[in-house]
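K.L.:
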Amino acid sequence: MLYRFRFDANVAAILKISGYETEDMLIFWPVGATPQWVKKGRRMGWRPTEAAALGVSQVALDRVQAGQISVSGALDICHSARLEAGKRNARPEIIDHMLSVTWKAILDVGEPKTVI
Numbered sequence: 023m024l025y026r027f028r029f030d031a032n033v034a035a036i037l038k039i040s041g042y043e044t045e046d047m048l049i050f051w052p053v054g055a056t057p058q059w060v061k062k063g064r065r066m067g068w069r070p071t072e073a074a075a076l077g078v079s080q081v082a083l084d085r086v087q088a089g090q091i092s093v094s095g096a097l098d099i100c101h102s103a104r105l106e107a108g109k110r111n112a113r114p115e116i117i118d119h120m121l122s123v124t125w126k127a128i129l130d131v132g133e134p135k136t137v138i
């Protein structure tokens, strides 16, 4: 249970430094995502900080792909995840690898094109 509390605290901290208010956090973070990421984090041997950073970044990628947030907004969230993970004793080799893959995927989506 302590893992989940730490995970939730990390998700909230990442979204807060990304500029999200409580209501916006609840809209951004999908229902049912916490148990999935906690289970995955434990299974992979990640610290709660690491699981939260990847989870938030992955949700940002999903939101970009669905056209719900901009590429720059998603990259800001990933950057916030990296900063927060660094403050909370995440292992740099894990965070850097996970986030570099997510950043590349976000950049590959690109901004939607406007047709005139």
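Residue numbers (our numbering): 23 to 138.
Ideal Cβ positions, reconstructed from N, Cα and C, are used throughout, including at glycine.
Quick caveat: nothing in here was measured; it's all calculated off a predicted structure.
Considering only the beta carbon of each residue, do residue 73 and residue 63 sit closer than 8 Å?
P.N.:
Here the question's residue 73 lines up with position 51 in the sequence shown. Here the question's residue 63 lines up with position 41 in the sequence shown. Their beta carbons are under 8 Å apart, which means residue 73 touches residue 63 by this criterion.
K.L.:
Are the Cβ atoms of residue 139 and residue 26 separated by less than 8 Å?
P.N.:
Nothing about residue 139 can be read from this structure; the chain reaches only from 23 to 138.
K.L.:
From the DSSP output, in three-state form, read off residue 69 for me.
P.N.:
Here the question's residue 69 lines up with position 47 in the sequence shown. Note: residue 69 maps to coil in three-state DSSP.
K.L.:
What are the boundary residues of the alpha helix (DSSP H) that includes residue 125?
P.N.:
The residue given as residue 125 occupies position 103 in the sequence shown. It spans 114–131 - the alpha helix (DSSP H) in which residue 125 sits, taken as one unbroken run.
K.L.:
By the three-class DSSP mapping on this structure, what secondary structure does residue 111 have?
P.N.:
Sequence index remark: in the sequence shown, residue 111 carries index 89 (1-based). DSSP places residue 111 in coil when its eight states are reduced to three.
K.L.:
Roughly how many angstroms separate the alpha carbons of residue 124 and residue 83, rounded to a whole number?
P.N.:
Within the sequence shown, numbered from 1, the residue matching residue 124 stands at position 102. Within the sequence shown, numbered from 1, the residue matching residue 83 stands at position 61. C-alpha separation (whole angstroms): 7 Å.
K.L.:
For residue 47, tell me which candidate among 117, 81, 118 has the shortest Cα-Cα distance.
P.N.:
As a first step, residue 47 is located in the sequence shown; it is residue number 25 there, counting from the start. Comparing Cα-Cα distances from residue 47 to each of 117, 81, 118, the minimum goes to 81.
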